[in-house]
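Asker:
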Amino acid sequence: MAMRIGRKAALAGLLAGACVALSAMAEAPAQRYTNPVIHADYSDPDVIRVGEEYYLVASSFHFSPGLPVLQSKDLVHWKIAGHVLPALPFHPSYDMVPPYTLTDSISKPVGSGMRYAGGVWAPAIRYHNARFYVYWATPDEGIFMSTAEHPGGPWSAPVTVLAGAGYEDPCPFWDDDGKAWLVHSKVGAGPIILHAMTPDGTKLLDAGTTIIEDKVNLPVLEGPKVYKRDGWYYIFAPIGGVGTGPQAVLRARTIQGPYEHRTVLHPGNGLAGPHQGGYVETPSGEGWFIHFNSTGAFGRIAHLQPVAWKDGWPVMGDAGLPVRDHAAPRTAARSPDYRLQDSDEFSTGALGLQWSWNHNPDPARWSLAQRPGFLRIEGNRARHLVGARNTLTQILQGPAAEITTRIELGGMAEGQRAGLALFGVRVPWIGVVREGGVNYLTYANAGRELRGPALAAGAVVLRASVRADQTVQFSHALQEGGPFREFGPATELAKFSWWKGSRPAVFTYLRSDSDEAKASAPPGQIQRNYIDVDWFRVKVAR
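Following this line, the structure appears as structure tokens:
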């Protein structure tokens, strides 16, 4: 009896404390957020909640490591937790196999030796039987999946679920009866195809059935995400194309259909295409939809919309229009200190999670260990920067940013280029060209170089100031504190670069009449044709 009384007293105390906490929450002013919640190119986002944490995955295309996983406690503030793919193993062209048809002045043809615009398309993340599952397609190789106990990894090696070219945007679904399903689209958008899967999600059990195809009412149908709610099966899917398309939702009483549909989020309030994303609920049952909006050089940035349910249909935003700002989600916890990683002093012995190489790197040509505190990159012979190996990039953050890096030049060879780029189509950059035994400050755009003064110093500090109007102004200094002097014109950034926005990058290569294959030398023995990157610092206008 005493034990019961003690438990009742403890329970009463907990309830009283909870009432006080709830009262305090009710009295506190409602926190608000402003869209976009992620002003960076995390396109085709999908999101889940596990406990008090939210996890988001996004397309990464030809960049390696690939398939980033972001983490948040409040759906507003995010940080990078890891990557599903340490490298892209799907085809030799992810290692870049010369010769190349692509140049610094064109966006295509890409050619068979590269995978620009290939790689990871529109992943889906789910949590099932205490494991995380991510599915994605590469347009040239097939549909793949990987699993992990923790979202930061390690993730299992990719499993081929469906081999072959032409598939896109897969999403798994485990039903209440334990049956597993996979839906996906096809490159070119549509139709939506359904497969039965083995319970472990690794194999398909049939050839697939088309369950949705309506090119008149559901044009450019892609990016399906499957949910079940109150006995209904829902497929959230964008229509109408990346630039100006709305978001549709379809529902049926069985997963095989037939499906009816509604458009639930329309262009408006400054968003031409509130398009493609994932749905998630807070512990209190609030509904939220994270989607992208295409913004040119900044890529496809993420917006957050409230979702209410009426008569079995979701109502997104403000009566179907995107919100500019809104009361923040009532989550179990908040993460105002979370932010996307960016600056790097190269002092920890490992690259920060913000970094990805253009295609798979050449391990023999870069090192953080050879000169501790510096990133050493060896230049390879290449005709153009788009064919250079070990170009190290990160996602550009907006609405404006200042990117600065210090590079030591003592290891450069004749004909070598090195510098700071906004990597994408036409590849504008500021850097150094070594010619006739002299280092020259150089600006370039679309492969055309503007030679500047000779640099007698053994190091240079380079800066790219990216403005909200999607132009970049380059400048340089001879020492860390400046003064900085502008060099080259304000340059318009490419509005779309192989499905990605522009990316700050450091690079080096030796201009040549031919493109050099991947090195066969062992890692950590770079003795010539190199630069040492001292640090890389980013200031974002928030």
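First residue of the sequence shown: 709, per the numbering used here; consecutive thereafter.
Yeah, the Cβ is synthetic: ideal placement off N, Cα and C, and Gly gets one too.
None of these values were measured; they are calculated from a predicted model.
Tell me the start and end of each unbroken beta strand (DSSP E) in the region 1043–1129 that is at least 3 residues and wholly inside, in chain order.
Answerer: The region 1043–1129 contains these whole beta strand (DSSP E) runs: 1064–1066, 1083–1086, 1088–1090, 1108–1116.
Asker: Nearest CA to the CA of Ile833: which residue from Met853, Gly826, Ala1162?
Answerer: When each option's Cα is compared against that of Ile833, the closest is Met853.
Asker: From Asp754 to Gly931, what does the alpha carbon distance come to, in whole angstroms?
Answerer: About 10 Å.
Asker: So what's Phe1215 in DSSP terms, helix, strand or just coil?
Answerer: Strand.
Asker: Just the C-alpha distance for Trp1137 and His1067, rounded to the nearest angstrom, thanks.
Answerer: Straight-line Cα distance between these residues: approximately 19 Å.
Asker: Taking only the alpha-carbon atoms, compute the straight-line gap between Ser751 and Ala766 and give it to the nearest angstrom.
Answerer: Cα-Cα distance, rounded: 5 Å.
Asker: Pull up the DSSP beta-bridge partners for Gln739, would you.
Answerer: None, per the DSSP bridge assignment.
Asker: Is Phe1006 helix, strand or coil when you go by DSSP?
Answerer: Of the three classes helix, strand and coil, the one that applies to Phe1006 here is helix, per DSSP.
Asker: Could you give the distance in angstroms between the alpha-carbon of Ala887 and the alpha-carbon of Gln1233?
Answerer: The amino acid occupying residue 887 in the given sequence is Lys; Ala does not appear at that position. Going by the C-alpha atoms only, they are around 52 Å apart.
Asker: Determine the direct distance from the alpha carbon of Pro1231 to that of Ile1239, and round the result to whole angstroms.
Answerer: For Ile1239 and Pro1231, the distance between alpha carbons rounds to 16 Å.
Asker: Please give me, in chain order, every unbroken run of the beta strand (DSSP E) with length at least 3 that falls completely inside the region 984–1032.
Answerer: Qualifying beta strand (DSSP E) stretches, in chain order: 995–1002, 1008–1018, 1021–1024.
Asker: Could you tell me which of Pro1212, Gly1166, Trp1207 sits nearest to Gln1181, measuring between CA atoms?
Answerer: That would be Pro1212, whose Cα lies nearest to the Cα of Gln1181.
Asker: Which one of Phe771, Ala738, Asp1019 has the shortest CA to CA distance from Val1094?
Answerer: The shortest C-alpha separation from Val1094 is found at Phe771.
Asker: Starting from Lys1247, follow the beta strand (DSSP E) in both directions and report where the run begins and ends.
Answerer: 1238–1249 is the span of the beta strand (DSSP E), which, as asked, contains Lys1247.
Asker: Measure the beta-carbon distance from Asp749 to Gly1007 and round it to whole angstroms, keeping in mind my assumption that it falls under 8 Å.
Answerer: That pair is a contact at about 3 Å.
Asker: What are the partner residues of Trp1182, as DSSP defines its beta bridges?
Answerer: With the sequence shown as reference, residue 1182 is identified as Phe, and Trp is not the correct amino acid for it. Paired residue(s): Ala1172.
Asker: Look up Tyr808 in the DSSP assignment and say whether it is helix, strand or coil.
Answerer: Looking at Tyr808 - three-state DSSP - the assignment turns out to be coil, as it is neither helix nor strand.
Asker: So, are the CB atoms of Phe1195 and Leu1149 less than 9 Å apart?
Answerer: Contact: yes.
Asker: Here's a check: name, in chain order, each residue in its chain whose Cβ is nearer than 6 Å to the Cβ of Leu979, leaving out the five neighbours to either side.
Answerer: Result list for Leu979: Asn1001, Pro1030, in chain order.
Asker: Does Leu958 come within less than 9 Å of chain D when only Cβ atoms are used?
Answerer: Looking at the structure shown, chain D is missing, and only one protein chain is on hand.
Asker: Can you have a look at Gln984 and say buried or exposed, based on whether 16 or more other CB atoms are within 10 angstroms of its CB?
Answerer: With 16 or more Cβ atoms within 10 Å of its Cβ, Gln984 is classed as buried.
Asker: Identify whether Pro831 lies in helix, strand or coil by the three-state DSSP scheme.
Answerer: Three-state DSSP puts Pro831 in a strand.
Asker: Do Phe840 and Ile963 have their CB atoms nearer than 9 Å?
Answerer: Against a cut-off of 9 Å, the Cβ pair of Ile963 and Phe840 comes out as no contact.
Asker: So, at 8 Å on beta carbons, what are the nonlocal neighbours of Val1023 in its own chain, with the 5 sequence-adjacent residues on each side left out?
Answerer: Excluding positions up to five away in sequence, the list reads Val972, Val1015, Ala1016, Trp1017.
Asker: Following the continuous beta strand (DSSP E) through Tyr1151, name the residue where it begins and the one where it ends.
Answerer: That run of the beta strand (DSSP E) goes 1146–1153.
Asker: Closer than 7 Å by C-beta to Ala738: which residues in its own chain qualify, once you throw out the five before and the five after it? Chain order, please.
Answerer: If we look at Ala738 and ignore the five residues flanking it on each side, its Cβ neighbours are Ala1035.
Asker: Between Ile746, Val1246, Ala1027, which has its C-alpha nearest Glu1053's C-alpha?
Answerer: Among Ile746, Val1246, Ala1027, the Cα nearest to that of Glu1053 is on Val1246.
Asker: I need the DSSP call for Met733, collapsed to helix, strand or coil.
Answerer: Caution is warranted here: a pLDDT of 38 is assigned to Met733, below 50, making its placement in the model unreliable, and the coordinate value is therefore given only provisionally. Of the three classes helix, strand and coil, the one that applies to Met733 here is helix, per DSSP.
Asker: Is the region 739–747 touching the region 1173–1191, taking contact as three or more C-beta pairs under 8 Å?
Answerer: No: fewer than three Cβ pairs fall under 8 Å.
Asker: Measuring only the C-alpha atoms, how far is Gly874 from Leu783?
Answerer: Near 33 Å, if we compare the C-alpha coordinates of Leu783 and Gly874.
Asker: Among residues of its own chain, excluding the 5 on either side of Arg1084, which ones have a beta-carbon nearer than 7 Å to its beta-carbon?
Answerer: Once the five neighbours on either side are set aside, the close Cβ partners of Arg1084 are Trp1074, Ser1075, Gln1078, Ile1234, Tyr1238, Asp1240.
Asker: Ignore the nearest five residues each way along the sequence and tell me which others in Gly949's own chain have a CB closer than 6 Å to its CB.
Answerer: Around Gly949: Val928.
Asker: For Ala856, I'd like the list of residues in its chain whose CB is within less than 6 Å of its CB, leaving aside the five on either flank, ordered along the chain.
Answerer: Result list for Ala856: Phe840, Trp863, in chain order.
Asker: Between Thr1216 and Gln1105, how many whole angstroms is the CB-CB distance? I'm expecting something under 8 Å.
Answerer: Not a contact, Cβ separation roughly 24 Å.
Asker: What residue range is occupied by the uninterrupted beta strand (DSSP E) comprising Thr971?
Answerer: 968–973 is the extent of the beta strand (DSSP E) around Thr971.
Asker: Please classify Ser768 as buried or exposed, where buried requires at least 16 other C-beta atoms within 10 Å of its C-beta.
Answerer: So Ser768 counts as buried.
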